[in-house]
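Student:
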């Protein structure tokens, strides 16, 4: 599943480095100046190139919905997003090009000052929990225990829906709840408003139905 | 002494090449199989192994340069100036 330019760059650098290293291991020449330069390319320049391009590609990969879906317990959420006719918030947003295949990340990323790092740390926690608790749990059973750690922040919705637009404020419900929405006392993605983002979603601490 | 005999420049370089090939393998694996474990391994273990192999190479080069410097004065005495 080679995706883009970074993948090709990483793969090319890896192939060149591997060719140099295998040639060295087969021929085993004495350590002359020329051999040092070749080894610098094979052990330094090309592997670093492969790592840098691979890291960028890896970083982008972790933002894809397909990556989230590779843990089977996430399949109820990701298949809901994938559904082209779905009516849930996640499905409707996934059809928007600004979210697209990255919709899990766009909505669940931390947008604070150290947001990217915190999001990645949170992702590592998910991987740990998957391999220690959920690996052998069916997606159906996992639905009963998987929930957000904290209420979904309205600030994430307000990245696009600023709450300052005239059209937005023309709706009586929006106008009446403006202060509560901005202060996170009333969640946009809640039962009385736009509904939960996923069909099986529920607020933190609320037991599954 | 035994460790010194084991750590000849040739052996260190061969080990560095093998380690680098392992690291490259991890990078490539994560490209073809972009799931959490391959990606995490490539971005952590792969990087560490690759860095160790490069450091091993640099140590060998530094050792070789130092040995060359030690030999140089002997040759220098033979020069007219």
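Residue numbers (the numbering used here), protein chains in the order written: chain C, 23 to 231; chain U, 231 to 311. Don't be surprised by glycine CBs; every beta carbon is placed ideally from N, CA and C.
#1: Confirm, please, whether the CB-CB distance from residue 285 of chain U to residue 69 of chain C is below 9 Å.
#2: Of the residues that make up the segment 153-181 of chain C, which ones have a beta carbon closer than 9 Å to any beta carbon in chain U?
#3: Which runs of the alpha helix (DSSP H) at least 4 residues long sit entirely within the segment 142-207 of chain C? Give them in chain order.
#4: When you compare each of U:248, U:292 and U:276 to residue 261 of chain U by their alpha carbons, which one comes out closest?
#5: Restricting to Cα atoms, I'd like to know which of U:270, U:237 and U:300 is closest to residue 147 of chain C.
#6: What are the residues of the segment 248-271 of chain U that lie near chain C, defined by any Cβ-Cβ distance shorter than 7 Å?
#7: How many angstroms separate the CA atom of residue 38 of chain C from the CA atom of residue 76 of chain C?
#8: Measuring CA to CA, which of C:162, C:131 and C:199 is closest to residue 175 of chain C?
#9: Quick check on residue 29 of chain C: does DSSP put it in helix, strand or coil?
#10: Report buried or exposed for residue 182 of chain C, applying the criterion of at least 16 other Cβ atoms within 10 angstroms of its Cβ.
#11: Can you check which of these residues, C:97, C:193 and C:78, is closest to residue 87 of chain C by C-alpha distance?
#12: Between the alpha carbons of residue 298 of chain U and residue 288 of chain U, how many angstroms are there, rounded?
#13: What separation, rounded to the nearest whole angstrom, lies between the Cα atoms of residue 57 of chain C and residue 293 of chain U?
#14: So for residue 258 of chain U, helix, strand or coil by DSSP?
#15: Indicate the three-state DSSP secondary structure (helix, strand or coil) for residue 54 of chain C in the structure shown.
#16: Counting only beta-carbon separations shorter than 9 Å, does residue 240 of chain U have a partner in chain C?
#17: Just tell me which of C:27, C:66 and C:112 has its CA closest to the CA of residue 43 of chain C.
#18: Give a yes or no on whether the minimum CB-CB distance between residue 292 of chain U and chain C is below 9 Å.
#19: Taking residue 154 of chain C as the reference, which of C:126, C:103, C:198 and C:93 has the closest Cα?
Tutor: On the basis of the supplied data:
#1: no
#2: 153
#3: 161-167, 176-179, 188-192 and 194-204
#4: U:276
#5: Put simply, of U:270, U:237 and U:300 the residue whose alpha carbon is nearest the alpha carbon of residue 147 of chain C is U:270.
#6: The segment 248-271 of chain U vs chain C, Cβ under 7 Å: 250, 251, 253, 254, 257, 258, 260, 261, 262, 264, 265, 266, 269 and 270.
#7: 15 Å
#8: C:131
#9: helix
#10: exposed
#11: C:97
#12: In a straight line, the C-alpha of residue 298 of chain U is about 15 Å away from that of residue 288 of chain U.
#13: 15 Å
#14: helix
#15: In the three-state scheme derived from DSSP, where H, G and I count as helix and E and B as strand, residue 54 of chain C is classed as coil.
#16: yes
#17: C:66
#18: no
#19: With distances taken between CA atoms, residue 154 of chain C lies nearest to C:93 out of C:126, C:103, C:198 and C:93.
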